[in-house]
Amino acid sequence: MTRKEFIRTGSAAATAAGFSGCLTATAGAGKLALLGGTPVIGKAEAAQHGKVFAWPIVNEAMRKASDAVLAGRKMSGIDITKEFEQKFAAWNGTKYALACLNGTTALNTAFYAIGLKPGDEVICPSITMWASCSGVVNIGGTVVFCDVNPDDLTIDPKSFEAHITPRTKAVVVVHYMGAPCDMDPIMAIAKKHNLKVVEDVSHAQGGLYKGRKLGSIGDVGAMSLMSGKSFAIGEAGMIVTNSKEIYEKSIRWGMYIRIPATFGRDGIKRTKDVPFGGIKNRLNQCTSAVGLEQLKKYDAERAEIEEAMLYYHKGIADVKGLKMIYPKWEKSNKAGWYSSRCLYDPAAFGGVLNTVFALALNAETGGGYSAGCNFPLHWSSVYDDEDIFGDGKPPVRRGLPAGVTPKSLTGSLPVSDDINNRVIGDPWFKRFDKAVIDRYIEAVHKVAANVAQLKDYKGKAKFAYWS
Ligand SMILES: *Cc1c(COP(=O)(O)O)cnc(C)c1O
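In this note's numbering, the protein residues as written are 9 to 475.
So, in structure tokens, the structure goes:
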């Protein structure tokens, strides 16, 4: 069905697509709100949608649990945190879990715990948040970036393999914006080259890849649990692993108070309880108590988000040029749909940029859309030639042979270079409210049907995450 026909037969199409919104009148009404037309969702209506988007969901049990820690003056202990870790490990299908200050310190610690040394190389997809790999730089290693798949934005296994050198020690894979990485080929390549696999689960806590929990497939999983993420409890992070060695080394790096119990008094005679990493990585117990409550409700929240997001995408499935990102394997999902993106094909919209398209959607709805995803990290000098300590020697080049640079190892990454032009952020529905979601579906159809109006748009339109 062409878009023109869609406008004429809007109600019939709406029924066929499985939603009950009344599109015809608004979609046909034409003038886009970005250009002064009447928005699909006016200000008063948008204000009513707060509950559908509100995040994180904080319940009475969380408040009580946090209050109890305060009342007991136990903010800095470890007993509640240990209980949270045990329950988290069981839920995540791993033997061990270790709660950290945040996702960044969890990842930093994981890089030490897998045995990374100064001069080692770690391969990381260029499209992710910097915390996925900056811990490598802290240790004195080099990050070599590889490309991502254009259809799901996760690490491209072929590009990963192509970036392996004799100095490569590990790969960090990111289950990006809810979508699980294709772990089977990744694990096979890692095994073949004797590499460690770190899973960054910050965007997909509790997600499944072929029936297995994310974070339990590689050598170690590390993740953020900060309040913008899907498993949202505040500034917090978690390491999960089945390896006793990785678990204990993680304690050695930043959990000084747990060192004697882990290694025994004899093992620490010379060092006393001084952590190797020189950091104190302990999670505060108010957050651990909140985490215990979040564990009880997270799977239900996740299920409702899944229902809502799939309903939204079913409603816009007929819009050529927008494509849902979703795992293609059995027993796999997009847990929590954190910061979910869909693919945007500018050619299907007469060359209109995704930045302008997203702006038009926000004008129709009052917000919820964004253009692009993450800034490609291989464009940042921090990983190539930044003189971090001011001594004229970029630390990330320390282990490399003469004439070799991190940039030359990374080479060209065509998908990462261009991907920000090809994705649009989905509105993140936390509640399955059909009537509300139908309104966003309607807005997408209106903008798509009238996209020709945007061809000469000259206003400012920016990418998300870019300053
Ligand atoms: C948020 C995030 C982190 C860092 O977690 P913090 O809790 O913010 O320190 C790491 N990796 C990815 C992919 C993230 O999105």
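Glycine included, every Cβ here is placed at the ideal spot set by N, Cα and C.
heavy atom of ligand 1 below 6 Å from residue i C-beta
i, result
"Val182", "yes"
"Ser388", "no"
"Asn110", "yes"
"Ser232", "yes"
"Ser134", "no"
"Ser210", "yes"
"Met185", "no"
"Gly6", "Outside the shown range of the chain (9 to 475) lies residue 6, about which nothing can therefore be said."
"Ala118", "no"
"Ser140", "yes"
"Met83", "no"
"Met137", "yes"
Start and end residues, beta strand (DSSP E) containing residue i
i, result
"Ile247", "245-249"
"Gly376", "It is not in any beta strand (DSSP E) - Gly376 carries neither H nor E in the DSSP assignment."
"Met185", "Met185 -> no beta strand (DSSP E), and no H or E assigned at all."
"Ser232", "228-232"
"Gly3", "There is simply no residue 3 to check, as the chain begins at 9 and stops at 475 in what is shown."
"Lys415", "That residue, Lys415, is in no beta strand (DSSP E); its alpha helix (DSSP H) goes 414-418."
"Tyr104", "104-108"
"Lys204", "204-208"
"Tyr352", "349-352"
"Pro422", "It is not in any beta strand (DSSP E) - Pro422 instead sits in the alpha helix (DSSP H) that spans 422-426."
"Ile131", "129-133"
Exposure label - residue i; buried when at least 16 CB within 10 Å
i, result
"Leu106", "buried"
"Ile8", "Because the chain spans 9 through 475 in this model, residue 8 falls outside it and cannot be assessed."
"Lys280", "exposed"
"Thr32", "Any reading at Thr32 must be qualified, since the residue scores a pLDDT of 42, below 50, and its modelled position is unreliable; the value itself is stated next. Per the 10 Å Cβ criterion, buried."
"Phe397", "exposed"
"Asp192", "exposed"
"Gly275", "exposed"
"Gly149", "buried"
"Arg430", "buried"
"Glu68", "exposed"
"Asp190", "buried"
"Arg310", "buried"
"Ala35", "For Ala35, the pLDDT reaches just 47, beneath the cut-off of 50, and the residue's location in the model is therefore unreliable, leaving the point undetermined."
"Asp446", "buried"
"Lys463", "exposed"
Where the alpha helix (DSSP H) containing residue i begins and where it ends
i, result
"Glu91", "87-100"
"Lys199", "191-201"
"Met83", "Element bounds for Met83: n/a, residue is neither H nor E."
"Glu450", "442-457"
"Val390", "Note, Val390: premise wrong, no alpha helix (DSSP H); not H, not E."
"Val66", "Note, Val66: premise wrong, no alpha helix (DSSP H); not H, not E."
"Val48", "From DSSP, Val48 is part of no alpha helix (DSSP H); its letter is neither H nor E."
"Leu115", "111-121"
"Asp470", "Just to set this straight, residue 470 is Lys in the shown sequence, not Asp. Careful: Lys470 lies outside any alpha helix (DSSP H) and carries neither H nor E."
"Lys59", "58-61"
"Val144", "142-147"
Problem set entry | Sequence ranges, beta strand (DSSP E) only - wholly within the stretch 238-317, length at least 3 | 245-249
Exercise. Are at least three pairs of beta-carbons, each pair with one atom in the stretch 210-218 and one in the stretch 407-417, less than 8 Å apart?
Worked result: no
Exercise. Which ranges does the beta strand (DSSP E) cover as unbroken runs of at least 3 residues, wholly within the stretch 150-174, from first to last along the chain?
Worked result: Segments of the beta strand (DSSP E) lying fully in the stretch 150-174: 150-154.
Problem set entry | Given 8 Å, three or more beta-carbon pairs between the stretch 295-314 and the stretch 343-363 | Yes: the two stretches touch, three or more of their Cβ pairs being nearer than 8 Å.
Problem set entry | Touch test, the stretch 98-114 against the stretch 242-251, Cβ-Cβ under 8 Å, three pairs minimum | Taking one beta carbon from each stretch, the stretch 98-114 and the stretch 242-251 have 3 or more pairs nearer than 8 Å; the two touch.
For this session: Answer yes if the stretch 271-286 comes into contact with the stretch 88-103, meaning at least three C-beta pairs across the two stretches below 8 Å, and no otherwise.
Result: Taking 8 Å as the limit for Cβ pairs, the verdict is that the stretch 271-286 does not touch the stretch 88-103.
Exercise. Counting pairs of beta carbons, one from the stretch 152-166 and one from the stretch 228-243, are three or more of them closer than 8 Å?
Worked result: They do not touch, by the three-pair rule.
Exercise. Is the stretch 195-202 in contact with the stretch 294-302, if contact means three or more CB pairs nearer than 8 Å?
Worked result: no
Exercise. Taking three-plus beta-carbon pairs below 8 Å as touching, is the stretch 394-405 in contact with the stretch 444-455?
Worked result: By the Cβ rule, the stretch 394-405 does not count as touching the stretch 444-455, because fewer than three pairs are nearer than 8 Å.
Exercise. Are at least three pairs of beta-carbons, each pair with one atom in the stretch 382-398 and one in the stretch 250-260, less than 8 Å apart?
Worked result: Cβ pair count under 8 Å is below three, so no.
Exercise. Is the stretch 324-332 touching the stretch 107-126 in the sense that three or more CB pairs, one from each, lie closer than 8 Å?
Worked result: no
For this session: Tell me, please, whether the stretch 157-171 touches the stretch 434-445 by the rule of three or more beta-carbon pairs shorter than 8 Å.
Result: Output reads no: the stretch 434-445 does not touch the stretch 157-171.
For this session: Would you check if the stretch 423-434 and the stretch 131-140 touch, i.e. whether three or more CB-CB distances between them fall below 8 Å?
Result: yes
Exercise. Are the stretch 465-473 and the stretch 356-374 in contact at 8 Å, needing three or more beta carbon pairs?
Worked result: Touching, yes.
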